DNA sequence: ATATAGTGTGTATTTTTTACACTAAGTAAT
DNA sequence: ATTACTTAGTGTAAAAAATACACACTATAT
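Residue numbers (my numbering), protein chains in the order written: chain D, 207 to 435; chain H, 207 to 435.
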């Protein structure tokens with residue numbers, strides 16, 4: 207950390223807080239750095255914005271390179287630019303978040319060349335993070351807490367077909383509090399973005415719950431409108 | 207516009223959407239550019255971030271240089287970085303907004319060296335703006351519309367002492383719709399951030415309204431909590 | 001058949017939101 | 001001093017939304 211490092215010209219990067227849900231816990235994707243500075247530390251995946259990329263494009267590319275995923279709802283939420291946040295020079299980083307369903311059908315291939323490894327770690331037990339990444343993560347969590355109350359983004363964390371209990375679980379994890387089952391169902395159904403399927407959950411050793419799908423058409427109409435949790 | 211301009215290295219700037227309220231209209235501060243590109247166009251006031259400035263510091267400095275104001279609530283709300291948004295090179299700009307009371311006690315001195323002049327123009331009748339500034343402004347307006355519903359920021363647009371009617375007027379302008387007087391008063395008072403003064407409005411040719419002040423201590427307690435309009 | 005574990009449902013109460021109209025107070029003009 | 005004018009300031013009833021709360025059902029495993 208204290209060794210002499212080359213100076214960089216002013217550059218901008220994008221760091222992603224990828225929230226993932228595996229059915230049980232909320233996790234974020236972290237990489238273990240293989241290079242100075244902060245060698246061997248855990249850090250948010252991120253990269254430099256290319257000279258001819260738009261910011262959103264760049265974020266999508268970075269997400270793709272790190273996870274193999276495409277078509278994920280991502281949103282820029284803040285710029286971090288403390289002059290000393292990066293020891294090698296002035297690097298302003300734009301923070302994006304994404305919500306991702308883990309496990310199940312598609313496997314992720316979080317391969318990044320500049321990292322020793324990548325891993326989904328539960329947010330309940332995060333290691334110390336490189337740079338100001340703790341701050342970036344904190345603000346990201348705060349953002350989705352706020353946003354999940356007003357916009358239907360929770361579905362992004364779930365597989366295509368899900369049960370209402372799973373959906374409630376997501377809300378409870380993100381908001382950090384228990385919700386009443388009956389009231390939750392009443393409300394979420396009243397938004398009208400869920401489609402009840404003729405299908406039941408499988409592989410459980412108890413009464414199987416009805417599966418729901420997220421209705422994109424109705425979602426499109428609702429988007430922009432205020433909903434409230 | 208089509209002449210050859212020097213190429214800039216990657217840089218970041220800050221552009222401010224300064225919303226001002228003069229008692230009647232919502233306005234924003236614009237400057238008329240005196241240099242290429244977009245010479246003679248109206249543009250949002252903005253500037254390059256200095257090498258040793260934090261972003262918020264930089265935003266405060268820029269606001270100060272452009273208006274002479276200090277201690278104004280400002281917030282970064284988005285980064286705009288289309289690769290071709292600036293004809294001279296890749297310039298990512300961080301958008302900040304501020305809410306400002308116009309007229310009254312302190313006069314603004316919106317002096318900027320690189321501009322022919324600066325002017326507060328009503329948002330109901332804006333000229334064509336340079337660069338992607340229309341987009342930046344649009345998103346800023348959208349942001350404060352959303353924020354004014356959930357956080358007590360409307361006061362920033364009013365003088366220290368104000369009437370409830372004035373406050374309602376601000377809400378109506380920002381939200382773009384009429385509100386019911388009685389319901390508005392009930393609600394705004396119930397938030398508990400207003401202090402009723404023993405003082406009346408002066409200089410009006412009708413019954414003078416009671417003045418209110420914004421109670422900063424209660425505000426501090428409320429801040430972070432959700433309120434809802 | 002029985003134990004187990006999660007599913008799925010309704011109602012009464014409280015709180016919040018909405019809709020709505022007149023009197024009071026001060027100023028200006030005559 | 002009367003009158004006209006303009007905005008301030010107030011309450012209630014109805015509707016809608018949020019909350020609190022408990023038990024029977026169903027599928028599986030043993």
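Note that the Cβ used here is the ideal one computed from N, Cα and C, for glycine as well.
No experiment lies behind these values; they were computed from the predicted model shown.
The C-alpha of residue 289/D lies about 29 Å from the C-alpha of residue 362/H.
Relative to residue 421/D, the option among 262/D, 359/D and 407/D whose CA is nearest is 359/D. Per DSSP, residue 371/D is not a residue of any beta strand (DSSP E); the alpha helix (DSSP H) it occupies stretches across 370 to 381. Put simply, the CB of residue 284/D is near chain H, with a gap under 8 Å to one of its CB atoms. Of all residues in the stretch 244 to 264 of chain H, those with a C-beta nearer than 8 Å to a C-beta of chain D are 255, 257, 258, 259, 260 and 261, reading in chain order. Remark: three or more beta-carbon pairs, one from each stretch, lie closer than 8 Å, so the stretch 249 to 268 of chain H and the stretch 333 to 346 of chain H are flagged as touching. Close partners of residue 218/D in chain H (Cβ separation under 8 Å): 216, 218, 287 and 298. Judged by DSSP secondary structure, residue 351/H falls within the alpha helix (DSSP H) whose first and last residues are 339 to 356. DSSP places residue 284/H in no alpha helix (DSSP H) but in the uninterrupted beta strand (DSSP E) bounded by 280 to 286. Nearest to residue 351/H by alpha-carbon distance, out of 381/H, 372/H, 374/H and 373/H, is 381/H. About 6 Å separates the Cβ atoms of residue 346/D and residue 283/D, confirming a contact at the 8 Å cut-off. Within 10 angstroms of the beta-carbon of residue 399/H lie 16 or more other beta-carbons, which makes it buried.
In the three-state reduction of the DSSP assignment, residue 427/D falls in the helix class, which pools H, G and I. In summary, residue 227/H is buried, with 16 or more beta-carbon neighbours lying within 10 Å of its beta-carbon over all protein chains present.
In the DSSP assignment, residue 328/H forms a beta bridge with 233/H. Annotation: residue 240/D is outside any beta strand (DSSP E) and is labelled neither H nor E by DSSP. In the DSSP assignment, residue 296/H falls outside any beta strand (DSSP E), carrying neither H nor E. In the structure shown, residue 367/H adopts coil according to DSSP, grouped into three states. Restricting attention to 260/H, 297/H, 275/H and 267/H, the CA atom closest to the CA of residue 258/D is found in 297/H. Distance from the CA atom of residue 265/H to the CA atom of residue 300/H, rounded to whole angstroms, is 9 Å.
Per the DSSP secondary-structure output, residue 253/H pairs in a beta bridge with 220/H.
Counting along the chain, the unbroken alpha helix (DSSP H) around residue 272/H starts and ends at 261 to 273. In the DSSP annotation of this structure, the continuous segment of the alpha helix (DSSP H) that includes residue 387/D starts and ends at 387 to 396.
Burial state of residue 230/H is exposed, judged by a 10 Å Cβ sphere holding fewer than 16 other Cβ atoms. Assignment of residue 361/D by DSSP, reduced to helix, strand and coil, places it in the helix class. In this structure residue 372/H is buried. Its beta-carbon is surrounded by 16 or more other beta-carbon atoms within 10 angstroms.
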